[in-house]
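Student: One structure, as structure tokens, below. Some questions next.
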Amino acid sequence: MASKKKVFLDSDVIIDFLYSRPEGFEYSAQVFNLIELGKIQGYISSLIIWNIFYLLKKFLGHKEALNKVKSLRILINIISVDDKIIDLALDSNI
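Numbering follows my numbering, in which position 68 of the sequence shown is assigned residue number 96; successive positions increment by one, without gaps.
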């Protein structure tokens with residue numbers, strides 16, 4: 029059995045989906061559909077989740093933003109960012 033593709037999600041993709049922004053919602057909904065179906069694994073950094081909450085709070089208010097981030101947390105894996113991770117990223121060939 030092949031392993032699932034791991035996808036690092038940009039905060040804009042997540043905001044497009046959670047806020048239903050017209051300019052990116054269709055694409056982001058497709059990505060989240062693949063995650064929900066178990067075809068890919070979604071990842072974000074621990075820093076991004078706070079940025080997402082901050083932006084959603086401005087658009088939707090505290091309570092709704094908190095609920096959306098909690099539901100996101102169920103679907104998405106969170107990667108801790110430390111010195112080692114940053115050094116690995118800087119040294120990668122990508």
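For every residue, glycine included, the Cβ atom is placed at its ideal position computed from N, Cα and C. No experiment lies behind these values; they were computed from the predicted model shown.
Quick check on DSSP: helix, strand or coil for Lys32?
Tutor: Here residue 32 refers to the residue found at position 4 of the sequence shown. Residue state, collapsed to three classes: coil.
Student: Indicate whether Ile68 and Leu62 have their beta-carbon atoms separated by less than 8 Å.
Tutor: Position 40 of the sequence shown, counting from 1, holds the residue named residue 68. Position 34 of the sequence shown, counting from 1, holds the residue named residue 62. Yes, the pair counts as a contact, with Cβ atoms nearer than the cut-off.
Student: Below 6 Å CB to CB, which residues in the same chain sit around Ser73 once its five sequence neighbours on both sides are set aside?
Tutor: Translated into the one-based positions of the sequence shown, residue 73 becomes position 45. Correct list, in chain order: Ile107, Val109.
Student: Work out the CA separation of Lys98 and Leu88 for me, nearest whole Å.
Tutor: In the sequence shown, residue 88 corresponds to position 60, counting from 1. In the sequence shown, residue 98 corresponds to position 70, counting from 1. Leu88 and Lys98: Cα-Cα distance of roughly 14 Å.
Student: Return the residue from the list Gln58, Lys34, Asn79 that minimises the CA-CA distance to Asp40.
Tutor: Here the question's residue 40 lines up with position 12 in the sequence shown. Residue Asn79 is the option with its Cα nearest to Asp40.
Student: Helix, strand or coil for Asn105 per DSSP?
Tutor: Indexing the sequence shown from 1 puts residue 105 at position 77. Asn105 falls in the strand class under three-state DSSP.
Student: If I measure Cβ to Cβ from Leu84 and keep anything under 8 Å in the same chain, skipping five residues before and after, which residues do I get?
Tutor: For the purposes of this step, residue 84 is identified with residue 56 of the sequence shown, where counting begins at 1. Closer than 8 Å at Cβ, skipping near neighbours: Ile43, Leu46, Tyr47, Glu92, Ala93, Lys96, Val97.
Student: Which residues mark the beginning and the end of the beta strand (DSSP E) in which Ser73 is found?
Tutor: Position 45 of the sequence shown, counted from the first residue, corresponds to residue 73. Note, Ser73: beta strand (DSSP E), 68 to 73.
Student: DSSP on Leu37, reduced to helix/strand/coil?
Tutor: Stepping through the sequence shown from its first residue, residue 37 is reached at position 9. It is coil, neither helix nor strand.
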